[in-house]
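A quick write-up on the structure given underneath.
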Ligand SMILES: Cc1cc2nc3c(=O)[nH]c(=O)nc-3n(C[C@H](O)[C@H](O)[C@H](O)COP(=O)(O)OP(=O)(O)OC[C@H]3O[C@@H](n4cnc5c(N)ncnc54)[C@H](O)[C@@H]3O)c2cc1C
Ligand code: SF4
Ligand code: FES
Ligand code: FES
């Protein structure tokens, strides 16, 4: 296997460029009715009255479902009893409580989309509203330790506190200290495809759902549990997903609601969230405030780090942003204290958003290190090299592989870092200030149990299936490659199918685990099929020592197909090694000194993430991640009205993400890495590491350009005036 | 909806799921002699990557491209009549069943259906002829190197298309009724989309985007915001790029409309489409049709002198996967060749 | 969107009569503002009279000035060679607005009447005097980053979001209309109204009055111009502050000046005092700085938009200096 896989074009490419790829809302289903959610317009209180008469009488309306007439569901999990990461406490029209603004409070079903949408506006709601508290930085509510994230035992959890050494003493003794507070506003995922669900009942007990989801099996489990069905009665299909970034990694209320609506009207129902409805009920990155205290010697060697902070969570559910995770793993430092706290606000539940914890934590830590470098007049890259962690600083375990030094070197060279003039405001381009900044990127190498099935046909083709998802990450393509590789076939002869709970079980696509987890399973299933074939023996035909094509072997045995299944196993080597991917980000900005406008003019990222399955799709993932980092640094900001608790910039013209003109040429460099321990196929995942460190690199570059340190994202021009 | 569990000769339960992943043609007929012609059928099906299920009053047979004909039996009572009834294929006055043809895609969704008003007694020849024609057209349309993967779903479209043209004309079948028009104030309008004139009944408030997606089944044009803020819904009207979400269908009855489905005009991939694939100018693919339509129109507009012009003039199309650098590369590669 | 009746007309007369007959009807041009807001149910007209077929699509440019039909698309106007040559300020302003797709749809008439982007106006669940007279203004004590600092009242602080109109304000445009009461020729400064006690009334147009054209006087001495738009991202964003400026410099003295502002006013904002502060003065940074201060005199800010005062001052200086640098 090559360390860097060939840049094969996406196998689903032709479908995506011709409009042939069908996303959830586009599956043609006969007699489908259209559902539109009605969302609350207050953030806390009770519904005291709902007038649905006008809506019910509107032409084409089939049903208006509220807490008064919704189907009665079995008891739902609570904050205390939730079973997994994606197991959110949902609002399924079971009572009159309002817990956050834009909470689903009714669902209107009609024969056409226009009619459902208009009728939804006709539902009149009266509330008894209570005052709200939605702003992490202004709230008087005390931070608290998070509840244990899940009731179940399945999911691994990260510690919310950690201690090593004696931080207080080390800080007191340190020659230099940096202590700063960094804040990040709520950010909203906004995949281009809104959440969409089509629910089709087959009789009262069997349900098929076409859903835009990052986890068909989690979807299936949650639907079954919410509706009180056996899991095997629910089938979830998700062949194409128009982006997720975390918001589609959990099941939100609208999914069971679509099924409830379909049951009510006795027809299949399609429910698509409008863009404003994407701002609230389907998660967000929490608001986060972090304090980083660093003590170091004059030589820049770290003596102690204290990293503590709080993130926002809803009043009724659980989510803790693990922003100290990268701090525990990145640098050699004998004394470390980390603490994560949450504050319950009258907001909807936040959730994972691209590189949760790692991206938010690296913004604070890598900014603070830059501040330390400035204080010590040490080059920021040099500072990081002086504190390079040869083993995992938390556990002392060896790394399964770590090539961060090569990442620094490759990226710095390409960027021309050695030509940096250290003084702020010392580099200019005409009237514009030029600034250079860098930061470290990192993301854990996650693997979760996955299964796959491989079938070889007598015509020399193969079909490999696993229930997994392709959220734009290239799963279709890289799995085809992994299978082709294991089977010794050209990719054209292999078809890989996914996105269906009728296929072998795989994890939710999150935590950059799909390529590694499903890839390993596909690899094993294919090897299994070859082995089965080999066990058939020679059968009196050709010399078995010769690499006979399997088509010929099958033919010789008079077989039409041979099939092998690989079932998920926990990997053993996982606790002997520490496993992470690393990278280095270098950024150049140009800042208008008078108008405060910041544009990233150049960026270079180098990453070592084990084996790269497909150089083309992996590059796109990293590129996308880096641009997300730019977006986080300069644009993204979910703004709540303080009195209404309602997100006011609830569309794509006010919630800003970069447009084409904002994005410069970006270099993505791969540092080849061979990791025999991380998993069967040596893959660490590239979906999220690209964003980590990036926001800090931009902020550091802005500091270098202007001499202004912005610790409060996003870095908008008003902060630089 | 109801599912119909079937049992094979060895008593194993099978269902439509077992042929899922391929487009499947379901044929209801009075008589169809699959067994006798199975090799011919198999040849066509294989080049189509499709499976065939034949349902007559007496038997149900499944022919997957790699397998023998399997005879299936409906589990439970009612015989195949229940299946006929479920798919809406009703017996004629003489008691004979008319022909019903359904193209089911990999999602098990019926994407095309026709029910004959008059039926022959043995429809084997007709069906085979249609499959042959579909297979030829398919091969013409796709480049030889196209991986298996793409064939599967593209075939659904060509199957449906070819079957409607060839098979139905020969049998003189009537068009199956359009989906029930919504009650109330609809207006009959005409749209010329990708060279085809469509008559449809819509309320005046229906946007061009929703008419394309919900009425004409042209779901290649995407809805990202519904408010002119993302460009996912970009189509060409009279050759100019516009956001189809902020305009009404009823306003565009005279100008030709081009969507992503019609861009290549039947010739494989348009070079912009090919460039997007080659440069990996997308990830999730949801913004992609809009990006491509916008890029094609931008080059027509002829105001691009530099890469930075491309960036500015493509800024009406958001890509949350942030494939921007690759989008620029794809477009400049087409310009380079242009 | 509510159910609507739709009527397409091909001439001015039928259009005007259709509206005269129905107080709940309005004109539909590009649709990019109207349909946007009808989908949000911010606007709820019962009948839309489609005026796209009315042939008001001519652009005539001569030594007497320019006359632009109201149905001319924003992109066609911006790229019209004679407009681009004689009124570059207008071209620049148009091309800085929205996206290529929207500019292909948007018309001159519609752009004049485009509605504000106030977040609360666009959200029918909130209090808004403009949308629902008398209900209050949620923006004043809410989130007000994109709101106005000039021309506000206690009842509304919403910004007029157009870029084109800022250029038209600077260029002394005249809006021509045809209505039940005959023709009118409305000087640009009088076309839009300040919010005052009635933010729901945004222009001096009467119901049924159809915009037929916009005319521009000859651009005498206004060739040296600059449209500077400052926004949170590089393109496809509304202005935080925008400056349309033109100077006529003779020797080192300023002989003529035009300044209009966008993104900061409740209507396209002509800064007459600033212009007066420039004329007769040397064209240097000190003069520009004085004039810039004049543009925001009397600004009333709210917590999230206070930065616009300083930003606008700097933008004015930058725009004027750029012109100076180029001349
Ligand atoms: C996402 C987005 C971004 C945008 N960004 C910008 C920007 O950056 N800068 C900017 O300036 N604009 C921007 N716009 C606004 C855009 O320019 C306006 O929506 C457009 O100019 C309106 O023109 P229209 O023809 O589509 O008007 P319509 O929506 O058809 O009509 C608007 C109003 O004008 C009335 N009307 C139209 N024509 C006439 C007529 N001839 N006589 C009388 N009344 C008439 C209508 O009744 C309606 O009330 C943006 C719009 C969107 C959706
Ligand atoms: S600023 Fe004007 S438009 Fe906005 S809420 Fe207040 S009254 Fe309404
Ligand atoms: S869907 Fe039309 S612009 Fe977003
Ligand atoms: S490819 Fe996913 S939004 Fe562009």
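Chains as they are written, first to last, in our numbering: chain H, 28 to 748; chain Z, 105 to 442; chain G, 928 to 1254.
Backbone N, C-alpha and C fix where the C-beta goes; we use that ideal spot for every residue, glycine too.
Helix, strand or coil at residue i [DSSP, three-state]
i	result
residue 300 of chain H	coil
residue 628 of chain H	strand
residue 946 of chain G	helix
residue 718 of chain H	helix
residue 539 of chain H	coil
residue 940 of chain G	helix
residue 1221 of chain G	helix
residue 393 of chain Z	helix
residue 568 of chain H	With a pLDDT of 46 at residue 568 of chain H, under the threshold of 50, the modelled position of that residue is not reliable, and the figure given next carries that caveat. In this structure, residue 568 of chain H counts as coil in the three-state DSSP scheme.
residue 223 of chain Z	For residue 223 of chain Z, the pLDDT reaches just 48, beneath the cut-off of 50, and the residue's location in the model is therefore unreliable, leaving the point undetermined.
residue 296 of chain Z	strand
residue 1030 of chain G	helix
Pair within 8 angstroms by beta-carbon distance, residue i and residue j
i	j	result
residue 1192 of chain G	residue 1077 of chain G	yes
residue 364 of chain Z	residue 46 of chain H	yes
residue 1218 of chain G	residue 1236 of chain G	no
residue 524 of chain H	residue 492 of chain H	yes
residue 1162 of chain G	residue 419 of chain Z	yes
residue 323 of chain Z	residue 398 of chain Z	no
residue 719 of chain H	residue 386 of chain H	yes
residue 542 of chain H	residue 505 of chain H	yes
residue 241 of chain H	residue 498 of chain H	yes
residue 1090 of chain G	residue 1021 of chain G	yes
residue 312 of chain H	residue 221 of chain H	no
residue 999 of chain G	residue 1035 of chain G	yes
residue 636 of chain H	residue 721 of chain H	no
residue 634 of chain H	residue 610 of chain H	yes
residue 55 of chain Z	residue 128 of chain Z	Here chain Z covers residues 105 to 442 and nothing more, so residue 55 of chain Z does not appear.
Given residue i as reference, the closest of the options once Cα atoms are compared
i	options	result
residue 83 of chain H	H:136, H:31, H:73, H:34	H:136
residue 495 of chain H	H:265, H:161, H:748	H:265
residue 117 of chain H	H:172, H:726, H:249	H:249
residue 724 of chain H	H:586, H:561, H:463	H:463
residue 468 of chain H	H:285, H:402, H:238, H:388	H:388
residue 198 of chain H	H:322, H:721, H:124	H:322
residue 969 of chain G	G:1220, G:1093, G:1147, G:1056	G:1056
residue 1084 of chain G	G:939, G:1194, G:936, G:950	G:1194
residue 367 of chain Z	Z:349, Z:400, Z:350, Z:353	Z:400
residue 1186 of chain G	G:1177, G:1204, G:1179	G:1204
Give, in chain order, every residue of the segment 1006-1032 of chain G whose Cβ lies closer than 7 angstroms to some Cβ of chain Z. Under the 7 angstroms Cβ criterion, the segment 1006-1032 of chain G contributes 1026, 1027, 1028, 1029, 1031, 1032.
Where are the alpha helix (DSSP H) runs, 4 residues long or more, that stay fully inside the segment 36-79 of chain H, in chain order? The segment 36-79 of chain H contains these whole alpha helix (DSSP H) runs: 40-45.
For a minimum of 3 consecutive residues, which ranges assigned as the beta strand (DSSP E) are wholly contained in the segment 425-481 of chain H? The segment 425-481 of chain H contains these whole beta strand (DSSP E) runs: 454-456, 459-471.
Against chain H, which members of the segment 325-345 of chain Z pass a CB distance test of less than 9 angstroms? Within the segment 325-345 of chain Z, the residues whose Cβ lies closer than 9 angstroms to some Cβ of chain H are 325, 326, 327, 328, 329, 330, 331, 332, 333, 334, 336, listed in chain order.
Got a sec: which bits of the segment 264-278 of chain H sit with their beta carbon under 9 angstroms from any beta carbon on chain Z, in order along the chain? Against chain Z - using a Cβ distance shorter than 9 angstroms - the residues of the segment 264-278 of chain H are 264, 266, 267, 268, 269, 270, 271, 272.
What are the residues in the segment 1132-1163 of chain G lying within 8 angstroms of chain H by C-beta distance? Contact annotation: in the segment 1132-1163 of chain G, residues whose CB is within less than 8 angstroms of a CB in chain H are 1157, 1159, 1160, 1161, 1162, 1163.
Between the segment 350-370 of chain Z and chain G, which residues of the former have CB atoms less than 8 angstroms from a CB of the latter, in chain order? For the segment 350-370 of chain Z, which is checked against every Cβ of chain G, the residues closer than 8 angstroms are 350, 351, 352, 354, 355.
Between the segment 198-224 of chain H and chain Z, which residues of the former have CB atoms less than 9 angstroms from a CB of the latter, in chain order? Among the residues of the segment 198-224 of chain H, those with a Cβ less than 9 angstroms away from any Cβ of chain Z are 216, 217, 218, 219, 220, 221, in the order of the chain.
The segment 595-628 of chain H: positions lying closer than 8 angstroms to chain G by Cβ: Residues passing the 8 angstroms Cβ filter: 621, 622, 623, 624, 626.
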